[in-house]
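Protein chains in written order, with the numbering used here: chain A, 1 to 337; chain B, 1001 to 1337; chain C, 2001 to 2337; chain D, 3001 to 3337.
Here a beta-carbon is modelled for each residue, glycine too, at the ideal position from N, C-alpha and C.
Structure first, then comments.
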């Protein structure tokens, strides 16, 4: 074991606190040395019991704390761009929680800044790429054993939506996971999107169009349909079936334990994404730490973050207009090809 | 056991021969007494070994054979309307294979003729309504236990399409089963349809748009998506997941026997609809025989046949235009309400 | 359709009434023409609405009713032997509900009587041989694709036991189904049996050793373990896993419909054997009718009934003694080889 | 993050090397500082690239290396007792791979030595207690929701056995995992054992009795049956079904991804225990490190190791004698109650 990677964490809210605990207790080879949060009291609470962490109100101060070697951004989306550019200026590798930035214009500025450096420093927090089931599906598709993919049928359900969740957020926050997963699994960009809104569930908050059916078309002519249902009431379910020329493959069913009682034979359904994807989060941060210590950047790129933002924006326009909407992407810098 | 129902079967092709065997060997309480087919040689071959069956080149002659009490129509679609109207004129109950007629105009004439009689004589051959799994799903939805249905996700796959199968037939022949199943399961009419065509599978015959994704909207604002894939290469699969306000329910997975070898744990997938739905066909004809002997008509009605035809026509227009297309239905006669 | 087979049914209790309804309404090519039951009132109620059935207090009178061509025995076990021998004397084919006779001595007399005729007339009511899942498993084992079978793991659960059910009946009534299924699936005799009794479930009636674990050894050295649990409280479950040299295969899991609610993802579990095996009963009687009309006997033989009785008797001795007990079989007459 | 726990690892073979990598790369809060192996060349290869590790030919030298705080024993079983006692003498916490010692006499000496200390220092490497599925089953049983357990049906299959694997080792090496799992899940000792040997698979090496069926009885009268099959040829499968008074629960089926091709719908089966239980191994060592750093010992105890050895010895006697054999346990020291 060589010396651990010294990480500054920006943001000590729900996700930031989770990542700080992960680096301290789960991830091997890294330690948190600085934390930034406007609410320094909250930040101090989070790092209580961890030795040698400085707390800052300002993100730049955390980046400039002694010996910082890498940055993990878990602050709200609007704060991401400034920190990313500052990390680039200091030559620091960054793991940035999704979204890369709230809109595609900001994401494109990040992409262009990194392309200007001529090498990658940023990884975006699309943790499904580290989930064991998704990895098996990706590996199967890449093997070519099932032939060319024709369709992805995706299901994304939450028990209930948090306060303030809007119809637009079903597309640009929830479905952004499927946007990245589809691009990654299929290895191609999404080119158009259509959004269909059935009559809402009576369990959805007043005014929220929930569920919705979001349809994507890809560059090579595949289709992706996504049921997004954030007030399903019955579980956190993430499923994906890839229909290919030579077969189909499905992940996401519940099968770890079958219990039979007088009520029937049943299987537990996860109720929370931190439970369902705990492993994936661990693997994501571990992979980032390992790569960073070797001077490499390997995960979802700033381009992936930009593309997700651009597709989500087209999705929101499609949701508003009710018709099929093309996705317009900037030219992809050579760095990401 | 009272005397068996005496049935005339119109058409002795693939489906007709299958129904003749069914009535002779499987169905209790009925016997075939007359068969009509322009190819009387074929018809004679089919009834060889069955006592007391007269063979006719002309459908009307079969209807007028002595003591005919009921008619089963298994001739090609364009021949259905004439036989249906003739059966109505003779007051004979009819089980008519799908489609009721090839187009909605013909179907509407049948509906109006039957409505003019003031009582039902016709049942349409939508046999999924007799399938054990569909019946369980229907019963669950009707129980209200899962609340109002919001979406149906349907999968309909064949191993390969027969010669001459066209892109239009994916919608108006294959998907017509889902059209009826959705109307029946949800208890409401379909009001609009959109058809999406991904780049075809390389295993599809030249020029065939296969697979396709067909989207229906219903009168109360539910959504129905159907993957129709007639050259999947890997099986005959019919699945349906109903997503409701209080839960979801899925039928159609393969689970009857799990075999584990060095290749993995696998389950057989049916390769043919006559295998998958053999039971449903048996139950359908048995139910029709039982009801007919009691002077009742209980199954899918001429209106159901008309509605399926009208939706399928809108589907074909949507397929051609590439945009959402409304379904226009005539007013439903009181007989069917 | 030639003339239907004219069947005398002996016994109009639960099982007899069920078979009478089956022949009248489900099975093609047969009709009930005579019924015998000491309680002729009960018998008359059962055949109300069926034309042309004579009712008798005495089984022999039913056998001698005009034009009887075949006999279905559904009376209590102790009455079987006399009717079987009488049917043999009249050259009538018989479908005899399990058990063939209550003890192996009686069963052996039936076997010897039939062997003396030089041709088979009797079929025993082991209906699992007609169940679709068992047939798939049998077909797979016979194909040799998985190699030689080494073990069968069997589960047999009921919701609750009827009044008067004894510890002995778990072995010689319930497990007799697995005795026949194991002999049939493996194609060999069972040679020894051991019975283990855990501390009973608190839901079992006072004094009933429930569940039990029954272990069989076969002629070629395979093992069969059976969990018999007649007061499971949660369902009627029949499972069988065959472990072979080249793989394993399992039938009997519940999978027809998966329902997901806030309680989890669950599947209905059958609560009754007449529900679970309705199809098998239908197929069994249909197959018997079809074979009988062609002058053939094809199903489980009197020898199968005898062997089941002999194994069950050894099982009861093993249950009493607590140690491994050998099964002693008479020499198998050439008729059954 | 406080200073990491400094661990001496005894043994640098297959399992030792795996644990060294785990502590270096996966486990947070620990580092390897000393390794002992008679083959110091092998040990040096294993620790190449890890800073600050001293390599020793002798286990005692590793224990006495500067600043060692804890010991992980992964040497062959016969070497365990000496190292355990030496660690106790030095007041060092120990994680000892299974078996605690090769026989129950040695295990009892370890138990008595630790009981003499008056506090626990040893944890035995029964890693199934850290597997997510086993934990869910344990939690369900402990909740009391299914009532008292009556039977466990266990399946334990390997693809093939390593060279030199003997019939005895199926019981005292392979089944020792089920011995511990049964004791842990049921919370009681095993009191008797019976071993049944079917005719061996033709794929088993000459002279190896494979598969076998091992039956345990527990102190409160539950039954545990274990299919152990180490040359199944088709996968590494570990299943456990708990049958309780109010329901049953089963873990170990394969369900992470369902692939459908023309060959059927299948699911991958793990081929190796390090793949299937990778997570459990990680969690086990992490839990030991975390507890040790807090001065606590929490996992499977020396008593658990002793009990497993005593049951396995009875199992081997039962295997030889062919009859039910009682398990004799020493009195349990108060330390473990």
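Under 8 Å: do the stretch 3119-3135 of chain D and the stretch 3172-3182 of chain D share three or more Cβ pairs, one atom per stretch? yes
Any idea what DSSP makes of residue 1143 of chain B, helix, strand or coil? Translated into the one-based positions of the second chain, residue 1143 of chain B becomes position 143. If DSSP states are grouped into helix, strand and coil, residue 1143 of chain B belongs with the helices.
What in chain A is Cβ-close to residue 3148 of chain D, meaning under 9 Å? Reading the fourth chain from its first residue, position 148 is the one you call residue 3148 of chain D. The contacting residues do not exist; residue 3148 of chain D stays about 14 Å from chain A at best.
Taking one C-beta from the stretch 2311-2331 of chain C and one from the stretch 2178-2198 of chain C each time, how about it: are there three or more such pairs within less than 8 Å? They touch, by the three-pair rule.
Spatial neighbours of residue 56 of chain A within its chain, please: CB distance less than 6 Å, with the 5 preceding and 5 following residues excluded, ordered by chain position. Counted from its first residue, the first chain places residue 56 of chain A at position 56. In chain order, 36 and 62 place their CB closer than 6 Å to the CB of residue 56 of chain A, counting only its own chain and leaving out the 5 sequence neighbours on each side.
Under the rule that 16 or more other beta-carbon atoms within 10 Å means buried, what is residue 1066 of chain B, buried or exposed? Mapped onto the second chain, residue 1066 of chain B falls at position 66. Exposed, by the Cβ-count rule.
Using CA atoms only, rank isn't needed, just tell me which of B:1011, B:1210, B:1308 and B:1047 is closest to residue 221 of chain A. Here residue 221 of chain A is taken as the residue at index 221 of the first chain, counted from 1. For residue 221 of chain A, the nearest C-alpha among the options comes from B:1210.
Starting from the beta carbon of residue 2052 of chain C, find every residue of chain A whose beta carbon is closer than 7 Å, and list them in chain order. Here the question's residue 2052 of chain C lines up with position 52 in the third chain. The contacting residues do not exist; residue 2052 of chain C stays about 44 Å from chain A at best.
On a CA-only basis, which of A:258, A:146, A:183 and A:294 is nearest residue 244 of chain A? Give me that one, please. One-based indexing of the first chain puts residue 244 of chain A at position 244. The shortest C-alpha separation from residue 244 of chain A is found at A:146.
Length of the line joining the Cα atoms of residue 402 of chain A and residue 23 of chain A: Past the boundaries of the shown model lies residue 402 of chain A; chain A is included only from 1 to 337, so the question cannot be answered.
What are the complete beta strand (DSSP E) segments, minimum 3 residues, inside the stretch 3201-3255 of chain D? Correct list: 3212-3218, 3223-3229, 3237-3244 and 3247-3251.
Kindly list, in the order they appear in chain A, the residues whose Cβ is closer than 8 Å to that of residue 1199 of chain B. As a first step, residue 1199 of chain B must be located in the second chain, where it is residue number 199. Within chain A, the residues whose beta carbon sits less than 8 Å from that of residue 1199 of chain B are 150, 220, 221 and 222, listed in sequence order.
So which residues on chain C does residue 1249 of chain B lean against when the C-beta distance must stay under 8 Å? Numbered from 1 along the second chain, position 249 holds the residue referred to as residue 1249 of chain B. Correct list: 2257, 2258, 2259 and 2260.
In chain order, what residues of the same chain have a beta carbon less than 7 Å from the beta carbon of residue 2102 of chain C, not counting five sequence neighbours either side? Position 102 of the third chain, counting from 1, holds the residue named residue 2102 of chain C. Taken in chain order, the residues that qualify are 2077 and 2078.
Give the secondary structure of residue 301 of chain A by DSSP, where H, G and I count as helix, E and B as strand, and everything else as coil. Here residue 301 of chain A corresponds to residue number 301 of the first chain, with the count starting at 1. Of the three classes helix, strand and coil, the one that applies to residue 301 of chain A here is coil, per DSSP.
With residue 2104 of chain C as the anchor, note down where its alpha helix (DSSP H) starts and where it stops. One-based indexing of the third chain puts residue 2104 of chain C at position 104. Element bounds for residue 2104 of chain C: 2104-2117.
Measure the C-alpha to C-alpha separation of residue 3298 of chain D and residue 3305 of chain D and round it to an integer number of angstroms. For the purposes of this step, residue 3298 of chain D is taken as the residue at position 298 of the fourth chain. For the purposes of this step, residue 3305 of chain D is taken as the residue at position 305 of the fourth chain. Rounded to the nearest whole angstrom, the CA to CA distance from residue 3298 of chain D to residue 3305 of chain D is 14 Å.
For residue 3219 of chain D, which residues of its own chain have a beta-carbon under 7 Å away from its beta-carbon, when the five flanking residues on both sides are left out? The count along the fourth chain starts at 1 and reaches residue 3219 of chain D at position 219. If we look at residue 3219 of chain D and ignore the five residues flanking it on each side, its Cβ neighbours are 3188, 3189 and 3191.
Does the structure place the stretch 2162-2169 of chain C close enough to the stretch 2132-2143 of chain C that three or more beta carbon pairs sit under 8 Å? No, the stretch 2132-2143 of chain C is not in contact with the stretch 2162-2169 of chain C.
Cβ shell of residue 3281 of chain D (< 6 Å), same chain only, five flanking positions each side left out: The residue given as residue 3281 of chain D occupies position 281 in the fourth chain. For residue 3281 of chain D, where only same-chain residues beyond five positions count, the Cβ hits under 6 Å are 3127.
I'd like the span of the alpha helix (DSSP H) that includes residue 2279 of chain C, first residue to last. Position 279 of the third chain, counted from the first residue, corresponds to residue 2279 of chain C. Unbroken alpha helix (DSSP H) run through residue 2279 of chain C: 2278-2293.
Run through the DSSP bridge pairs and tell me what residue 2325 of chain C is partnered with. Reading the third chain from its first residue, position 325 is the one you call residue 2325 of chain C. Partner(s): C:2193.
Contact the stretch 1037-1051 of chain B vs the stretch 306-322 of chain A: 3+ CB pairs below 8 Å: No: the two stretches stay apart, fewer than three of their Cβ pairs being nearer than 8 Å.
Have a look at residue 3114 of chain D and residue 2310 of chain C and give me their C-alpha separation to the nearest angstrom. For this step, residue 3114 of chain D is matched to residue 114 along the fourth chain. For this step, residue 2310 of chain C is matched to residue 310 along the third chain. Distance between the alpha carbons of residue 3114 of chain D and residue 2310 of chain C: 56 Å.
Residue 359 of chain A (DSSP reduced to helix, strand or coil): This structure cannot speak to residue 359 of chain A, because chain A is shown only from 1 to 337.
CB-CB length for residue 10 of chain A against residue 50 of chain A, believed under 8 Å: Numbered from its first residue, the first chain carries residue 10 of chain A at position 10. Numbered from its first residue, the first chain carries residue 50 of chain A at position 50. The Cβ separation is near 16 Å, so there is no contact.
Which of helix, strand or coil DSSP assigns to residue 2046 of chain C: Residue 2046 of chain C sits at position 46 when you count from the first residue of the third chain. If DSSP states are grouped into helix, strand and coil, residue 2046 of chain C belongs with the helices.
Alpha carbon of residue 1083 of chain B to alpha carbon of residue 1060 of chain B, nearest angstrom: The residue labelled residue 1083 of chain B in the question sits at position 83 within the second chain. The residue labelled residue 1060 of chain B in the question sits at position 60 within the second chain. Taking the straight line from one Cα to the other gives about 7 Å.
Opening and closing residue of the alpha helix (DSSP H) in which residue 185 of chain A lies: Translated into the one-based positions of the first chain, residue 185 of chain A becomes position 185. Note, residue 185 of chain A: alpha helix (DSSP H), 176-186.
Out of A:150, A:337 and A:312, which has the shortest C-alpha to C-alpha gap to residue 104 of chain A? What you label residue 104 of chain A is simply residue 104 of the first chain in a count that begins at 1. Looking at the Cα atoms, A:312 is the closest of the given residues.
Going along chain C, which residues have a C-beta under 9 Å from residue 241 of chain A? Here residue 241 of chain A corresponds to residue number 241 of the first chain, with the count starting at 1. What residue 241 of chain A touches in chain C: nothing, since even the nearest Cβ is about 14 Å away.
Can you tell me whether residue 3072 of chain D is helix, strand or coil according to DSSP? As a working mapping, residue 3072 of chain D is identified with position 72 in the fourth chain. Correct three-state label for residue 3072 of chain D: strand.
Please go through the same chain and pick out, in chain order, the residues whose beta-carbon is closer than 6 Å to the beta-carbon of residue 3335 of chain D, but skip the five residues on each side of it. Locating residue 3335 of chain D in the fourth chain gives position 335, where the first residue counts as 1. Closer than 6 Å at Cβ, skipping near neighbours: 3115.
Have a look at the DSSP bridge pairing and note the partners of residue 35 of chain A. Taking the first chain and counting its residues from 1, the one referred to as residue 35 of chain A is at position 35. Paired residue(s): A:9 and A:55.
When every heavy atom of the ligand HEM is checked, does at least one fall within less than 7 Å of the C-beta of residue 122 of chain A? This structure lacks the ligand HEM; in fact it carries no ligand of any kind.
Return yes when the Cβ of residue 1258 of chain B is within less than 8 Å of the Cβ of residue 2253 of chain C, no when it is not. Position 253 of the third chain, counted from the start, is the residue given in the question as residue 2253 of chain C. Position 258 of the second chain, counted from the start, is the residue given in the question as residue 1258 of chain B. Yes.
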